[in-house]
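These protein sequence lines map, in sequence, to chains A and B. Note that my numbering numbers the first sequence so that position 140 is 140, with each residue one more than the last. To convert, count from 1 in the second sequence and add 278; that's my numbering. Every residue gets a Cβ at the ideal spot worked out from N, C-alpha and C, and that includes glycine. Scroll down for the structure; my scribbles are underneath it.
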Amino acid sequence: MISTFRILWRRRPLIRALTVSNLRTVHRNTFLGYLWWLIDPIMMTAVYAVVVGFIFKRGGFHKPYPAFIMCGVVFWKSFSSTVTQAVNSISRNEGLVKSYSFPKAALPVSLVLSGSITFVFALVPVLLLVLFYQFVMGVSTVNVSWTLVYLPLLLAVQFTITLGAALMFSCFGVFFKDLGNIMTHVLRVVWYLSAGLYAISDIVKGYDGLLGTDWSRIRSYYLLNPFAHIMEGYRSAILYGRTPDLAGLALAFCIGALWVFVGLRIFQSKERKFTKFI
Amino acid sequence: MSIISIHNLGIRYTVYKSRSRSLSHRILQSVSRELARREFWALRQVTFDVNEGETLGVIGRNGAGKSTLCMAAAQILSPDEGNVTVRGRVAPILSLRSGYNKDLTGRENIYLCGALMGYKPSEIRAREQSILSFAELGEFIDNPVRNYSSGMRTRLAFSVATSIDPDVLVLDEVLGVGDASFRKKKRGANAGVDGEGAGDNTRLAFD
Chain A
1 MISTFRILWR RRPLIRALTV SNLRTVHRNT FLGYLWWLID PIMMTAVYAV VVGFIFKRGG
61 FHKPYPAFIM CGVVFWKSFS STVTQAVNSI SRNEGLVKSY SFPKAALPVS LVLSGSITFV
121 FALVPVLLLV LFYQFVMGVS TVNVSWTLVY LPLLLAVQFT ITLGAALMFS CFGVFFKDLG
181 NIMTHVLRVV WYLSAGLYAI SDIVKGYDGL LGTDWSRIRS YYLLNPFAHI MEGYRSAILY
241 GRTPDLAGLA LAFCIGALWV FVGLRIFQSK ERKFTKFI
Chain B
279 MSIISIHNLG IRYTVYKSRS RSLSHRILQS VSRELARREF WALRQVTFDV NEGETLGVIG
339 RNGAGKSTLC MAAAQILSPD EGNVTVRGRV APILSLRSGY NKDLTGRENI YLCGALMGYK
399 PSEIRAREQS ILSFAELGEF IDNPVRNYSS GMRTRLAFSV ATSIDPDVLV LDEVLGVGDA
459 SFRKKKRGAN AGVDGEGAGD NTRLAFD
């Protein structure tokens, strides 16, 4: 694990070159180009705001609901699209893998880096929406404040967990070609299991006695979900002006660090087999 | 002092007899995995040394293992048996269909390929002019590589690999491509790297 890391560290110029080419190629052939970084989260927010907030009328607990969703959506969109791309990153770059000798882990790492850069731009419409609700609409629950200083911390946690997932799944993806299809469904389930459309506190509220289950125990299991803490953290810091739940973020960071460790270990033992397998 | 030293090299591939895509086939295959596959040694007990300044050409029929040897010498395939030691930086040109990002321009690919070979951006920038003048792609250097003809791709790949002055140059079946004037130029460049290049289809050239 240490040696894989050391090799990657020595090949920083390569990782930078791959990151730059990711950023350049993703939007080069499209008409709106880089604008898609802003359009994607806006569209996803609009869909959920209309379906859940307007048609189901379930957004009432969390005003303003569009801003509430958008804080979770931008994170999830960034995480899930990075992981989805990472699953196929090594076989999609077959040409490079079979032409040069380089650490293959640089491919998922560069995807995580370009995804993080994209994410920073995607935060701009979120901040604009939140400011709109506070100053134009005058919604009292919205309170943009100094807690924005927690954004770098949240970004660091998000980066770690995305990196861990990308490293592990890019390795598995070489050997199981079906993983790309499976991941679409897994990611969708995890999104609904995480506190994107609702708050963590909603898990207990009003369900006690339902199905004869002890909901406080279910909630304690639920709190092991790192993504729920990250989404809740972004909402606290951006929307409500509260200090994020630092214990939850610490847990998410530890899970992410464990994944990075496991991912690097898998790379170290399996990397030599990649060229023959793809 | 040998710059490449290959000792008792063996590369083994696993061949699956059934390549059927159907799910039932796959399940059967995973159950009786040992039956469904067989092992195949593309190379075995290959031993040689190449000294600095030497050129080594490899001739053989299709399937003899020339390309596999090139990939092993470029350290793209790791040996299943024996060992491969290479001192210095390797510039491989193994195929004209891959080895670059089609969506990037020629110029951007120079930097990407250089980085893949282990060069820093500053080192590539210092060589950019000589790569450009060797490739003679003119204004097309800023067009995406997907629009290049195979001749243009050869020029680009060859210019990068030779102008970047690597310690080892590994070429696989790419010498025959290109028009007469470019071939003459390539021969000249080869002379700079190693000596004279024979007309074999797989070559390892070493500096």
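Take residue i as the anchor and find which of the options has the nearest alpha-carbon.
| i | options | result |
| --- | --- | --- |
| R12 (chain A) | B:P399, B:R431 and B:R403 | B:P399 |
| F99 (chain A) | B:Y291, B:E317, B:T346 and B:V364 | Looking at the sequence shown, residue 99 (chain A) is not Phe but Ser. Selected option, being the one with the closest Cα: B:T346. |
| L372 (chain B) | B:T383, B:L355 and B:E330 | B:L355 |
| F176 (chain A) | A:S140, A:G115 and A:I90 | A:I90 |
| S269 (chain A) | A:G196, A:L193 and A:F172 | A:F172 |
| V130 (chain A) | A:G241, A:S101 and A:I7 | A:G241 |
| G288 (chain B) | B:L321, B:M279 and B:R339 | B:L321 |
| I282 (chain B) | B:T432, B:R424 and B:T325 | B:T325 |
| V364 (chain B) | B:P357, B:D358, B:L374 and B:A352 | B:A352 |
| M43 (chain A) | A:A86, A:P125 and A:R16 | A:P125 |
| I442 (chain B) | B:Y426, B:V423, B:I388 and B:L449 | B:I388 |
| L163 (chain A) | A:G263, A:I55 and A:T275 | A:G263 |
| G248 (chain A) | A:F121, A:E232 and A:L239 | A:E232 |
| G72 (chain A) | A:A49, A:L8 and A:L197 | A:L197 |
| A413 (chain B) | B:A439, B:R403, B:G396 and B:E401 | B:A439 |
| V120 (chain A) | A:F79, A:R16 and A:A86 | A:F79 |
| F68 (chain A) | A:A257, A:R235 and A:R272 | A:R235 |
| L14 (chain A) | B:E401, B:I419, B:I284 and B:L447 | B:E401 |
| L251 (chain A) | A:V144, A:A122, A:M183 and A:L224 | A:L224 |
| V142 (chain A) | A:L151, A:F132 and A:V149 | A:F132 |
Pick helix, strand or coil for residue i, following the three-state DSSP scheme.
| i | result |
| --- | --- |
| Q323 (chain B) | strand |
| S280 (chain B) | strand |
| V368 (chain B) | strand |
| H185 (chain A) | helix |
| I117 (chain A) | helix |
| F261 (chain A) | helix |
| E417 (chain B) | helix |
| L111 (chain A) | helix |
| N286 (chain B) | strand |
| L193 (chain A) | helix |
| G475 (chain B) | Low per-residue confidence applies at G475 (chain B): pLDDT is 32, beneath 50, and the placement is therefore not dependable, though the value from the model is reported in the following sentence. Coil, per DSSP. |
| H229 (chain A) | helix |
| N379 (chain B) | coil |
| N387 (chain B) | helix |
| H449 (chain B) | Reading the sequence as shown, one finds Leu at residue 449 (chain B) and not His. L449 (chain B): strand per DSSP, three-state reduction. |
| N340 (chain B) | coil |
| L155 (chain A) | helix |
| F318 (chain B) | strand |
| Y291 (chain B) | strand |
| A469 (chain B) | For A469 (chain B), the predicted structure reports a pLDDT of 44, less than 50, and the residue's modelled location is therefore unreliable. A value from the coordinates is still provided. If DSSP states are grouped into helix, strand and coil, A469 (chain B) belongs with the helices. |
| D485 (chain B) | Bear in mind that the predicted position of D485 (chain B) carries a pLDDT of just 43, short of 50, making it too unreliable to give a figure here. |
| E332 (chain B) | coil |
| T275 (chain A) | helix |
| G360 (chain B) | strand |
Could you tell me which chain A residues have their CB closer than 7 Å to the CB of residue i, listed as they occur along the chain?
| i | result |
| --- | --- |
| L390 (chain B) | A17 and S21 |
| L447 (chain B) | Chain A residues near L447 (chain B): none, gap ~13 Å exceeds 7 Å. |
| P399 (chain B) | P13 |
Run down chain B in chain order and give the residues with a C-beta less than 8 Å from the C-beta of residue i.
| i | result |
| --- | --- |
| Y100 (chain A) | A352, I354, P370, G377, C391, L394 and M395 |
| L14 (chain A) | A393, L394 and G396 |
| R24 (chain A) | D381, L382 and E386 |
Thinking residue i and residue j are a contact (beta carbons under 8 Å), I'd like their distance in whole angstroms, please.
| i | j | result |
| --- | --- | --- |
| P444 (chain B) | R367 (chain B) | 5 Å |
| D202 (chain A) | F61 (chain A) | 7 Å |
| S194 (chain A) | A228 (chain A) | 5 Å |
| E317 (chain B) | R290 (chain B) | 6 Å |
| W191 (chain A) | W76 (chain A) | 6 Å |
| R433 (chain B) | V423 (chain B) | At roughly 11 Å, the Cβ-Cβ gap does not stay under 8 Å, so R433 (chain B) and V423 (chain B) are not in contact. |
| P103 (chain A) | A86 (chain A) | Actually they do not touch by this definition, with Cβ atoms about 15 Å apart. |
Strictly below 7 Å CB to CB, what residues from chain B border residue i?
| i | result |
| --- | --- |
| L107 (chain A) | Chain B residues near L107 (chain A): none, gap ~11 Å exceeds 7 Å. |
| F232 (chain A) | Strictly speaking, residue 232 (chain A) in this sequence is Glu, with Phe absent from that position. Ordered by position in chain B, no residue passes the 7 Å Cβ test against E232 (chain A), which lies about 38 Å from the chain. |
| R272 (chain A) | S356 |
| R28 (chain A) | D381 |
What residues from chain B crowd round residue i, counting only those whose CB sits closer than 9 Å?
| i | result |
| --- | --- |
| K104 (chain A) | By Cβ distance, chain B contributes nothing, its closest Cβ being about 11 Å from K104 (chain A), past 9 Å. |
| L148 (chain A) | Near L148 (chain A) there are no residues of chain B at all, since even the closest Cβ is about 34 Å away, more than 9 Å. |
For a contact meaning CB atoms closer than 8 Å, what does residue i contact in chain A?
| i | result |
| --- | --- |
| R373 (chain B) | The sequence shown places Ser at residue 373 (chain B), not Arg. Going along chain A in sequence order, the residues near S373 (chain B) (Cβ under 8 Å) are G95, K98 and S99. |
| Y291 (chain B) | K276 |
_To test your reading of the DSSP string, which unbroken beta strand (DSSP E) runs of 3 or more residues are found completely within the stretch 6-94 of chain A?_
The beta strand (DSSP E) runs of length 3 or more contained entirely in the stretch 6-94 of chain A do not exist; there are none.
*Note down, one range per segment and in chain order, each alpha helix (DSSP H) of at least 4 residues found wholly within the stretch 124-148 of chain A.*
For the stretch 124-148 of chain A, not one full-length alpha helix (DSSP H) segment reaches 4 residues or more.
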